[in-house]
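As structure tokens, the structure follows; a few thoughts come after it.
In this note's numbering, the protein residues as written are 54 to 317.
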């Protein structure tokens, strides 16, 4: 290293240059089930076999071992009853979208300078299959979910995204708030800084990331779902909400809220 590289002026200039090259954008984070698709993709596949095929104590597995273990047991039953990958993929691709949600994602990505990511407790196979079928794969920067893939025997196998016990608002296999914050930090290292973060969800596991939004953030909670109840009741609890709140029934309402000057 020569003496010029140690110059305080050059170090200062380099730091200023690095700051100037940062890209300012917006970020939209979406849940998947009941937010993008208007159903629960996991439980939807259970309709591919008669309910009598599922063991009576299967539901207990959800409470004792968690949702991922429960769904793996479901996929095992489907495989045992000759339900194939085309059967499962076909059902997932046909799942209806929430009204206006596809237009919302397209507009955020194409016209409003948003990066769009998905954080979901479904699985990557389901989400990617649905996005591809609906022409949205190119609009989604990243999908964070439980890894899912078919093995050589034709059985769908899923894994926990991670195993955490630090967040009591989240399940062991998926703390959406931590995933969102880690993504934002990694993007910052790449020179991408988000001036506004929007979170769109419906369930209790969407409350954690919403609590981590700052004052420029927007919490978009689907009306008549658990997340909206938690957010609206937050002032009566120890949880402090900093973000603006949008209670929505369709994607157009979210779009109109984000277009308001006060929400920018």
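For every residue, glycine included, the Cβ atom is placed at its ideal position computed from N, Cα and C.
Between the alpha carbons of residue i and residue j, how many angstroms are there, rounded?
i	j	result
residue 112	residue 171	27 Å
residue 145	residue 232	25 Å
residue 194	residue 114	33 Å
residue 317	residue 168	Only weak support exists for where residue 317 lies, its pLDDT of 43 falling under 50; the value from the coordinates is given anyway. Cα-Cα distance, rounded: 15 Å.
residue 154	residue 88	8 Å
residue 272	residue 135	42 Å
residue 249	residue 267	8 Å
residue 270	residue 96	31 Å
residue 165	residue 127	40 Å
residue 139	residue 286	43 Å
residue 238	residue 314	27 Å
residue 183	residue 204	20 Å
residue 264	residue 299	14 Å
residue 202	residue 177	8 Å
residue 100	residue 92	13 Å
residue 224	residue 241	27 Å
residue 230	residue 104	35 Å
residue 244	residue 78	10 Å
residue 74	residue 236	19 Å
residue 311	residue 129	43 Å
residue 47	residue 124	An answer regarding residue 47 cannot be provided, because it is not within the stretch 54 to 317 covered by the chain.
residue 160	residue 189	11 Å
residue 284	residue 94	24 Å
residue 297	residue 102	43 Å
residue 98	residue 90	14 Å
residue 319	residue 258	An answer regarding residue 319 cannot be provided, because it is not within the stretch 54 to 317 covered by the chain.
residue 262	residue 234	8 Å
If you drop the 5 nearest sequence neighbours on each side, which residues of the same chain put their C-beta closer than 8 Å to that of residue i?
i	result
residue 54	With a pLDDT of only 49 at residue 54, under 50, the local geometry of the prediction cannot be trusted, and the value read off the model is given with reservation. Contacts found: none.
residue 137	207
residue 200	176, 177, 211, 212, 214
residue 216	225, 226
residue 76	244, 245, 246
Excluding the five sequence neighbours on either side, which residues of its own chain have a C-beta within less than 7 Å of the C-beta of residue i, listed in chain order?
i	result
residue 309	none
residue 304	151, 152, 153, 154, 156, 157
residue 186	146
residue 307	157, 253, 273, 299, 301
residue 281	274, 275, 300
residue 122	114
In its own chain, which residues sit with a C-beta less than 6 Å from the C-beta of residue i, not counting the 5 before and 5 after it?
i	result
residue 227	174, 214
residue 198	173, 175, 176, 177, 180
residue 162	169, 192
residue 142	182
residue 294	287
For the ligand SAM, is there a heavy atom less than 6 Å away from the beta-carbon of residue i?
i	result
residue 284	In the structure on display, the ligand SAM does not appear, and there are no ligands present to speak of.
task = Please list the segments of the alpha helix (DSSP H) lying wholly inside the stretch 108 to 166, counting only runs of 4 or more residues, in order along the chain.
result = DSSP runs (the alpha helix (DSSP H)) wholly in the stretch 108 to 166: 111 to 118, 120 to 133, 138 to 146, 154 to 164.
request  = Take every Cβ of the stretch 114 to 133, pair it with every Cβ of the stretch 289 to 298, and state whether three or more of those distances are shorter than 8 Å.
outcome  = By the Cβ test, the stretch 114 to 133 is not in contact with the stretch 289 to 298, since fewer than three Cβ pairs between them sit closer than 8 Å.
query = How do the stretch 272 to 279 and the stretch 90 to 108 stand: do at least 3 beta-carbon pairs fall below 8 Å, yes or no?
reply = Verdict: no, contact absent.
query = In chain order, which alpha helix (DSSP H) runs of at least 4 residues are fully inside the stretch 186 to 267?
reply = Given a length threshold of 4 residues, each whole run of the alpha helix (DSSP H) inside the stretch 186 to 267 is given here in chain order: 229 to 242, 260 to 264.
key: Stretch-stretch touch, CB-based, cutoff 8 Å, three pairs: the stretch 251 to 264 with the stretch 71 to 86   = Taking 8 Å as the limit for Cβ pairs, the verdict is that the stretch 71 to 86 does touch the stretch 251 to 264.
query = If you pair each beta-carbon of the stretch 126 to 133 with each one of the stretch 194 to 209, do three or more pairs fall below 8 Å?
reply = Three or more Cβ pairs closer than 8 Å define a contact, and the stretch 126 to 133 meets that threshold against the stretch 194 to 209.
query = Fully enclosed by the stretch 276 to 311, which beta strand (DSSP E) runs are 3 residues long or longer?
reply = Scanning the stretch 276 to 311 from its first residue to its last, the whole beta strand (DSSP E) runs of 3-plus residues come out as 297 to 301.
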